[in-house]
Each structure stands twice: as C-alpha cells, then as structure tokens.
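Q: If you count by this note's numbering, then the sequence shown holds residues 194 to 562, one letter each, in order. To start, I am sharing the structure in question, which I have written as structure tokens.
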Amino acid sequence: MNRTGFVCHEHYFWHHTGASAGPLPYGLTVQPDGHPESPQTKRRLLGLLEVSGVLDQLVRIKPRRADIEEIAAYHDRDYIAKVQALSAGVGGDAGELTPIGTGSFEIAQLSAGGCLAGLDALVGKQVDNVYCLVRPPGHHAEKNLARGFCVFANNVLTVQRAQKVHKMGRVAIVDWDVHHGNSQEHAFIEDPSVLTVSVHQDNYYPPNSGSVEENGRGKGAGTNINIPLPPGSGHGAYIDTWTRVVIPAVRRFKPELIIVSSGFDGSAMDPLGRMLAHSGTFRELTRRTLDLAKEICGGRVIAVHEGGYSTAYVPFCGLAVFEEMLGHRSGIEDPYMAIFEHMGGQPLQPHQKALIDACAALVARVPAG
Ligand SMILES: [Zn+2]
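Here it is as structure tokens:
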C-alpha cells in the first residue's frame with residue numbers, strides 16, 4: 194500500500210459562494226438559487242472517505258496559508274489586494290463568476306498553501322503521492338482575474354515552488370476537469386519546462402478557450418496540448434485519450450513531477466458538464482497516470498481538487514481516485530455504476546476518435562526529455 198498524503202481543512206468548507214442561479218448571478222428575472230460550487234460535494238467526499246475507512250489509511254498533511262509573496266510569484270499584487278479587500282468586507286465578485294465571501298482571501302491562501310504543503314511532503318518523501326482536497330479551486334484563475342469560481346491558481350503556484358524552491362526541472366500538469374485548464378495554459382504557454390495537457394468538453398468554459406490549435410508558443414512550442422472532447426464523450430473516449438495522447442505526451446516530456454488537476458464534473462451525473470464518465474473512468478485514468486509516474490518520475494503525483502458539482506456522485510468518483518492512489522480497495526462499490534457503465538454512448542464513437550486522432554498527432558511535437 195502507498196503512503197498517500199491528504200490535504201484538507203475545515204476552513205475549505207467555509208468559503209461562502211452565496212446565492213446565484215446555477216453558475217450565473219441571479220437577478221430580477223432569474224430567481225436566486227444555490228451556487229453549484231458549494232462545500233457539499235467536497236464535504237460529502239470527505240464523509241465517504243471516513244465511512245469507507247480510507248481516511249484512516251491516509252497521511253494527513255496540515256495545510257498552511259500561502260503568504261502574499263508566494264501568491265505574487267504568479268498573481269498581480271493589485272489583484273491580490275482586490276481579493277483581500279472584498280474578503281475583509283462582505284465579499285463580492287472577484288472577477289468573472291467568482292463570488293467570494295468574508296474570509297475567502299485567507300481560505301484561498303490556505304487552499305494554495307495546502308498544495309504547497311502537499312508538494313513539500315512529497316519532495317521530502319514523507320508520502321508517495323498526495324491528494325489535495327482544497328477549496329476554492331484554481332485552474333481558471335488568471336494572473337490578474339478570478340474566473341470560473343477560482344481565486345488563486347493552485348496548480349501554477351505548485352509548479353513554481355517545485356521549480357524555484359525544490360529545483361525541479363520539468364513538470365507536467367494533466368487536467369481532467371470538464372472545463373479547460375486556462376490558468377496553466379496561460380501561465381506556461383511560452384515555458385518549455387512545463388507541459389500542460391487539458392482534456393475538456395469542447396468550447397465550454399471559458400468560452401473560446403482550449404482549442405487544439407493552441408499548442409504552445411515561442412520556446413514553449415509543443416508544450417500545451419488541448420483535447421476538446423465532444424459533449425457526450427464517455428469512458429471509451431477518456432480511455433482512448435489517455436492511451437493515445439496523455440500518456441505518450443507525458444512519457445515523451447519526462448517530467449520530474451506530475452500534477453493532476455482533478456475535477457469530477459466530467460461525470461454522467463454532473464449538473465454542469467455534459468459528459469458520461471463514471472467512477473471507473475476516473476479510477477482507470479488515475480491508475481494509468483500513477484503507472485506512468487512510477488516509470489518516469491518515481492511515482493511523484495500530486496492531485497489538486499478542482500470542479501465537480503454532483504453532490505451524490507462526486508464522493509464515489511473521488512473514492513475511486515483515492516483507492517488507486519493508496520493501492521487499496523475499501524470494499525465500498527459505486528452504487529451508480531450499474532446504470533452508468535452500460536449507458537449508450539460509453540464506447541468510443543467515430544467523431545470522438547477523429548478528434549483524438551488530431552490530438553495524437555501533437556505528441557510528436559512535445560519536446561523530448
Ligand atoms: Zn470544471
């Protein structure tokens with residue numbers, strides 16, 4: 194069994210996103226409702242980890258607040274000050290579709306700092322791999338703008354610490370959230386030392402973002418791969434994507450660390466995503482990623498939690514990932530599997546294969562390590 198690190202904190206559940214109507218603000222013609230990025234999906238995953246006994250097997254890593262200097266390694270100081278000021282008052286929107294509440298600045302510091310603490314534990318060999326169940330999420334946050342429920346770019350800050358403090362060379366980010374990982378793409382688009390791979394639903398959020406054509410620029414040519422799967426893609430499409438694009442690209446790049454941006458909004462139950470993945474999909478993606486990490490970088494994987502909005506289903510997708518990271522099955526089976534596994538559309542479809550073929554051609558452009 195692996196020593197799997199686990200980063201979580203009660204304050205992650207206290208980041209208050211307030212009222213909205215789905216992901217959009219409410220108004221005089223849109224009745225107020227709950228916000229999808231609520232604590233519940235994350236808290237219920239933590240709950241299932243406890244009742245399954247998996248929590249007892251994990252190595253708890255205490256998160257810390259990333260300080261302003263650490264956050265300013267990527268984000269503009271004016272933007273950091275803006276978030277801080279909103280958080281010191283009654284909150285507000287920190288940019289685009291990113292409500293924050295009182296105290297959300299410090300909680301976002303704890304979210305970013307939790308990932309940094311997870312990295313330190315991994316590098317210090319206290320654990321074999323790490324899952325950071327952090328909140329607010331990060332993979333849409335821009336240098337100077339909160340976007341898509343994300344305040345600070347947790348995964349970008351983790352890469353920067355890995356390279357600057359721990360003197361790592363190449364790092365890869367693999368993003369299976371249903372939305373495009375625009376944070377890391379923008380942060381490292383010209384950086385030949387960071388491979389960013391995002392598998393997402395075609396042209397969803399952010400709009401007009403995450404196309405196959407954005408393949409890295411300048412010295413970073415070839416180091417950004419977008420795989421914008423058609424809506425309705427299921428287990429077969431995700432597995433084919435891993436087999437023919439993600440795994441060969443990361444293997445060719447040969448990073449010293451793999452960061453997984455882990456969102457479960459590609460599941461068949463998700464209220465925002467329009468894909469058909471199930472817990473078995475995330476289990477297999479995790480297993481294949483860990484096997485590759487063992488082959489090329491001593492098994493060093495940090496998973497950083499991103500989206501996933503089905504309160505009923507996120508816990509089972511998450512449990513599958515934790516079980517693979519630990520190398521131990523809890524005995525709790527996904528009760529939804531019997532429905533999702535045989536759903537029409539799960540096998541790879543010809544139009545999905547055509548897109549994956551185009552992305553597979555980009556593997557040869559990845560600078561070999
Ligand atoms: Zn997402």
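A virtual CB, placed ideally from N, CA and C, is assigned to each residue, including glycine.
In the DSSP assignment, the alpha helix (DSSP H) including P543 goes from what residue to what residue?
A: Residue 543 sits at position 350 when you count from the first residue of the sequence shown. From DSSP, the alpha helix (DSSP H) with P543 extends over P543 to A553.
Q: Would you check if there are 3 or more beta carbon pairs closer than 8 Å linking the segment 246-255 to the segment 511-527?
A: yes
Q: Hey, how far is the Cα of P441 from the Cα of P508?
A: Numbered from its first residue, the sequence shown carries residue 441 at position 248. Numbered from its first residue, the sequence shown carries residue 508 at position 315. Rounded to whole angstroms, P441 to P508 spans 29 Å at the Cα level.
Q: I need the straight-line Cα distance from G296 to P229, nearest angstrom please.
A: Numbered from 1 along the sequence shown, position 103 holds the residue referred to as residue 296. Numbered from 1 along the sequence shown, position 36 holds the residue referred to as residue 229. Looking at the two C-alpha atoms, the distance is approximately 19 Å.
Q: Runs of 3 residues minimum, wholly inside the segment 455-518: which ones carry the beta strand (DSSP E) assignment?
A: 494-498
Q: When the Cα of Y563 is compared with those of A314, P216 and A334, which residue comes out closest?
A: Residue 563 falls outside the range modelled here, since the chain spans only 194 to 562, and no answer is possible.
Q: Might you give, ordered along the chain, the residues of its own chain that have their beta carbon closer than 7 Å to the beta carbon of Y267, omitting 5 neighbours on each side?
A: On the sequence shown, residue 267 is found 74 positions in, with the first residue counted as 1. Contacts found: K336, A346, V349, L350, Q353 and A380.
Q: Report all residues from its chain with a CB closer than 6 Å to the CB of C510; omit the five preceding and five following residues, and keep chain order.
A: For this step, residue 510 is matched to residue 317 along the sequence shown. Answer for C510: F457, S460, S472 and F475, listed in chain order.
Q: When the distance is taken between beta carbons, is V327 closer than 9 Å to H209?
A: Along the sequence shown, read from residue 1 onward, the residue named residue 209 stands at position 16. Along the sequence shown, read from residue 1 onward, the residue named residue 327 stands at position 134. No, these two residues do not count as a Cβ contact at 9 Å.
Q: Taking only the alpha-carbon atoms, compute the straight-line gap between F298 and K546 and give it to the nearest angstrom.
A: Numbered from its first residue, the sequence shown carries residue 298 at position 105. Numbered from its first residue, the sequence shown carries residue 546 at position 353. So the two alpha carbons sit approximately 43 Å from each other.
Q: Is the closest heavy atom of ligand 1 to the C-beta of D384 under 8 Å?
A: The count along the sequence shown starts at 1 and reaches residue 384 at position 191. No, Cβ of D384 sits at least 8 Å from all heavy atoms of ligand 1.
Q: Here's the rule: buried if 16 or more other CB atoms are within 10 angstroms of the residue's CB, otherwise exposed. What is I452?
A: For the purposes of this step, residue 452 is taken as residue 259 along the sequence shown, with counting starting at 1. Classification for I452: buried.
Q: Could you give the distance in angstroms between the alpha-carbon of S616 and the alpha-carbon of D286?
A: Here the chain covers residues 194 to 562 and nothing more, so residue 616 does not appear.
Q: Under DSSP, the alpha helix (DSSP H) around T434 begins and ends at which residues?
A: If you number the sequence shown from 1, residue 434 lands on position 241. Per DSSP, T434 belongs to the alpha helix (DSSP H) from H428 to T434.
Q: Apart from the five residues on each side of it in sequence, which residues of its chain come closer than 6 Å, Cβ to Cβ, to Y398?
A: As a first step, residue 398 must be located in the sequence shown, where it is residue number 205. So the list reads G341 and H372, once near-sequence residues are dropped.
Q: Buried or exposed: I532, going by 16 or more other Cβ atoms within 10 Å of its Cβ?
A: As a position in the sequence shown, residue 532 is number 339, starting the count at 1. Around the C-beta of I532, fewer than 16 other C-beta atoms lie within 10 Å, and the residue is accordingly described as exposed.
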